[in-house]
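A.B. asks: Questions regarding the structure given below will be posed in turn.
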Amino acid sequence: MFPQYRGKLEYVCLGCGGRFGIDELLYTCPTCGQVLLLEDLNRDALRGMGDGAYWRNVFDSRAATRETALRGIFRYYELLAPVLDPEDIVYLGEGHTPVVEGARALQQHLNARFMFKNDGQNPSASFKDRGMACAFSYLRYLVRSKGWDEVLGICASTGDTSAAAAMYGAYVGAPIKTAVLLPRGKVTPQQLSQPLGNGATVMEIPGVFDDCMKVVEYLAEHYRVALLNSKNSWRILGQESYACEVAQWFGWQVEPLCLFVPVGNAGNISAIMSGFLKLHELGVINGLPRLFGVQSSHADPVWRYYSADPASRVYQPVQVRASVAQAAMIGNPVSFPRVKALADRYEAVRPGAFNVVQVEEQAIMDATIQANRHGHIACTQGGECLAGLLRARELGLVGPDELAILDSTAHSLKFSGFQEMYFNDAFPAEFEIHADRTLANRPVEILSDEEKKVLSVQAFTRAAAESVAERLKLHGLH
Ligand code: F0G
0 MFPQYRGKLE
10 YVCLGCGGRF
20 GIDELLYTCP
30 TCGQVLLLED
40 LNRDALRGMG
50 DGAYWRNVFD
60 SRAATRETAL
70 RGIFRYYELL
80 APVLDPEDIV
90 YLGEGHTPVV
100 EGARALQQHL
110 NARFMFKNDG
120 QNPSASFKDR
130 GMACAFSYLR
140 YLVRSKGWDE
150 VLGICASTGD
160 TSAAAAMYGA
170 YVGAPIKTAV
180 LLPRGKVTPQ
190 QLSQPLGNGA
200 TVMEIPGVFD
210 DCMKVVEYLA
220 EHYRVALLNS
230 KNSWRILGQE
240 SYACEVAQWF
250 GWQVEPLCLF
260 VPVGNAGNIS
270 AIMSGFLKLH
280 ELGVINGLPR
290 LFGVQSSHAD
300 PVWRYYSADP
310 ASRVYQPVQV
320 RASVAQAAMI
330 GNPVSFPRVK
340 ALADRYEAVR
350 PGAFNVVQVE
360 EQAIMDATIQ
370 ANRHGHIACT
380 QGGECLAGLL
390 RARELGLVGP
400 DELAILDSTA
410 HSLKFSGFQE
420 MYFNDAFPAE
430 FEIHADRTLA
440 NRPVEILSDE
450 EKKVLSVQAF
460 TRAAAESVAE
470 RLKLHGLH
């Protein structure tokens, strides 16, 4: 049942090209300090095992398996981390998130064709679980093979990485413990409650995510800790499953699609490119979809880089400003070198297929509110993708008949505070957002506590029902 195939994985440095074995957890190149990616040296053997049709059939047939080690992201085992044994694989129900067609009225109103992939329907309510399932499976393998009796997993986070790390850490348990570093006041109450509930050590630091990231990088350099941010390439491998799932859902025909992905630390968009490139290399798909990274004008270093003329591009971190796409509010994305390397490879297969668009905060919030009024569960980063699609339509980059897949990377409930600010038209000035007051929605009070006290149960029920009927202008039956 479990695949026989085992890969030979190596870390590859994106700076000097150095190669390193996976018997240690490396985050950056020991020689030049650049970020790494993991590469399977045996992948020719995969091609030898069968053609694209063979692999499509393997992945499709696993959809019905009850083997939990192959049930989540590791349905695509051979493409991700084919060094793990089933006993190490952690499965908490991640992956295979639904692709939901945009509500008809909304597609019509916006004159755009789109579907949301609801990655907020992962167990910790964000896409981070894909990467965390892989990182923790590898950690388990390390713990077992090295006989470690103590491991501290640590991460900086805008809220979702910490939620996922704490959840997987708590589930796997001893000898793994988890600690998370958060920018004080820049994580939503729901996100904060997640690592607290999972028993992680939660520490808050003044500043923004970029400040926290520097602290964990320092810790990873000077102390024995397991870094769980997407700087850890095992996270990237797990997140490649998003691309595989999109391809599989569309019957392995992805060329006509336009994918929109919010970009923060740039791990996700790197993983998605890498995933599609692997599928293409193995002949599982015959072409690549078009890919659009989306960034807010308040946190847009990747957009700035790609919007410049190719001859004069210089990467520069930016100082972020307040953003409702708070989970992606990052000025110096750790994975930027990965984006560059993978976008070059992506464009070599399909020129013009990699794009980045920039959107305003107002457009992000309007799109989020509109989507959810139409029955979606878009987080603000999902709204950012919808805003990105509208921007791409405006710029003529996407035609009215092209189908866009929008990555709603987290569940709307994690970001309900921004919805509340919108409904109360109460955004602090720095967000530069004003509410469309016609969209405000608040609970309507029916009867008071005093009335409840003085009325009998029957009288209360009748009074409440009549008040509701009046509110809703209901017509009586008699
Ligand atoms: N959407 C959500 C909901 C996120 O939590 C993040 C990143 C992104 C988009 C951006 O993805 O970083 O891969 O480009 N959140 C990280 C965190 C940084 O700490 O939770 P990315």
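Going letter by letter, the sequence shown gives residues 0 to 477 in numbering that gives the first Met the number 0.
Glycine included, every Cβ here is placed at the ideal spot set by N, Cα and C.
Every value quoted in this text rests on a predicted model; they were computed, and no experiment measured them.
Comparing the CB of residue 380 with every heavy atom of the ligand F0G, is any distance shorter than 7 Å?
C.D. replies: Taking the sequence shown and counting its residues from 1, the one referred to as residue 380 is at position 381. Residue 380 Cβ: within cutoff of the ligand F0G.
A.B. asks: Taking the DSSP output, what are the residues bridged to residue 404?
C.D. replies: To locate residue 404, count along the sequence shown from 1; it is residue 405. Looking at the DSSP assignment, residue 404 forms a beta bridge with 114 and 258.
A.B. asks: Note down the Cα distance separating residue 325 from residue 450, rounded to an integer number of angstroms.
C.D. replies: In the sequence shown, residue 325 corresponds to position 326, counting from 1. In the sequence shown, residue 450 corresponds to position 451, counting from 1. C-alpha separation (whole angstroms): 43 Å.
A.B. asks: Cα-Cα, which of 335, 209 and 132 is closest to residue 236?
C.D. replies: Reading the sequence shown from its first residue, position 237 is the one you call residue 236. Checked all of 335, 209 and 132; the closest Cα to residue 236 is 132.
A.B. asks: Helix or strand or just coil, what does DSSP make of residue 354?
C.D. replies: Translated into the one-based positions of the sequence shown, residue 354 becomes position 355. Three-state DSSP puts residue 354 in a strand.
A.B. asks: Contact between the segment 448-463 and the segment 361-378 is defined here as three or more beta-carbon pairs at a separation below 8 Å; is this criterion met?
C.D. replies: Taking 8 Å as the limit for Cβ pairs, the verdict is that the segment 361-378 does not touch the segment 448-463.
A.B. asks: Mapping DSSP to helix, strand and coil, what is residue 157?
C.D. replies: Here residue 157 is taken as the residue at index 158 of the sequence shown, counted from 1. Coil, per DSSP.
A.B. asks: Compare the Cα-Cα distances from residue 385 to each of 285, 161, 111 and 263 and report the closest residue.
C.D. replies: Along the sequence shown, read from residue 1 onward, the residue named residue 385 stands at position 386. Looking at the Cα atoms, 111 is the closest of the given residues.
A.B. asks: In terms of DSSP beta bridges, what is residue 200 paired with?
C.D. replies: Walking along the sequence shown from the start, residue 200 turns up at place 201. The partner list for residue 200 (beta bridge, DSSP) reads 178.
A.B. asks: Of all the beta strand (DSSP E) runs that stay within the bounds of the segment 317-365, which reach a length of 3 or more residues?
C.D. replies: Segments of the beta strand (DSSP E) lying fully in the segment 317-365: 353-358.
A.B. asks: Quick one: what does DSSP say residue 59 is sitting in, helix, strand or coil?
C.D. replies: Residue numbering aside, residue 59 sits at position 60 when the sequence shown is read from its first letter. If DSSP states are grouped into helix, strand and coil, residue 59 belongs with the helices.
A.B. asks: Identify every residue that forms a DSSP beta bridge with residue 495.
C.D. replies: The question about residue 495 has no answer here: the residues shown for the chain are numbered 0 through 477.
A.B. asks: Can you tell me whether residue 31 is buried or exposed, with buried defined as 16 or more other CB within 10 angstroms of its CB?
C.D. replies: Taking the sequence shown and counting its residues from 1, the one referred to as residue 31 is at position 32. The residue is exposed, with fewer than 16 neighbouring Cβ atoms inside 10 Å.
A.B. asks: Can the beta-carbon of residue 122 be found closer than 8 Å to that of residue 149?
C.D. replies: The residue you call residue 122 lines up with position 123 of the sequence shown. The residue you call residue 149 lines up with position 150 of the sequence shown. Taking 8 Å as the Cβ cut-off, residue 122 and residue 149 do not qualify as a contacting pair.
A.B. asks: Below 8 Å, how does it come out for the segment 310-329 and the segment 3-18: are there three or more Cβ pairs, yes or no?
C.D. replies: Too few Cβ pairs lie closer than 8 Å, so no.
A.B. asks: Taking 8 Å as the CB-CB limit, is residue 417 close to chain C?
C.D. replies: The structure shown contains no chain C, having only a single protein chain.
A.B. asks: Kindly indicate which residue of 134, 183 and 145 has the alpha-carbon position closest to the one of residue 164.
C.D. replies: By one-based count along the sequence shown, residue 164 stands at place 165. Ranking 134, 183 and 145 by Cα distance to residue 164 puts 134 first.
A.B. asks: If you draw a straight line from the alpha carbon of residue 113 to that of residue 214, how long is it in whole angstroms?
C.D. replies: Walking along the sequence shown from the start, residue 113 turns up at place 114. Walking along the sequence shown from the start, residue 214 turns up at place 215. Going from the Cα of residue 113 to the Cα of residue 214 covers about 39 Å.
A.B. asks: Can you list, in chain order, the residues of its chain with a C-beta nearer than 6 Å to that of residue 439? Leave out the 5 residues immediately preceding and following it.
C.D. replies: Taking the first residue of the sequence shown as position 1, residue 439 is located at position 440. Hits under 6 Å: 422.
A.B. asks: Assuming residue 166 and residue 193 form a contact by the criterion Cβ under 8 Å, report the distance between their Cβ atoms to the nearest whole angstrom.
C.D. replies: Locating residue 166 in the sequence shown gives position 167, counting from the first residue. Locating residue 193 in the sequence shown gives position 194, counting from the first residue. Between residue 193 and residue 166 the Cβ distance is about 7 Å, and since that is below 8 Å, they are a contact.
A.B. asks: For residue 336 and residue 228, I'd like the C-alpha separation in whole angstroms.
C.D. replies: The sequence position of residue 336 within the sequence shown is 337, counting from 1. The sequence position of residue 228 within the sequence shown is 229, counting from 1. Looking at the two C-alpha atoms, the distance is approximately 15 Å.
A.B. asks: Within its chain, find whatever has a CB closer than 8 Å to the CB of residue 394; leave out the 5 residues flanking it on each side and keep chain order.
C.D. replies: Indexing the sequence shown from 1 puts residue 394 at position 395. Excluding residues within five positions, the ones whose Cβ falls inside 8 Å are 356.
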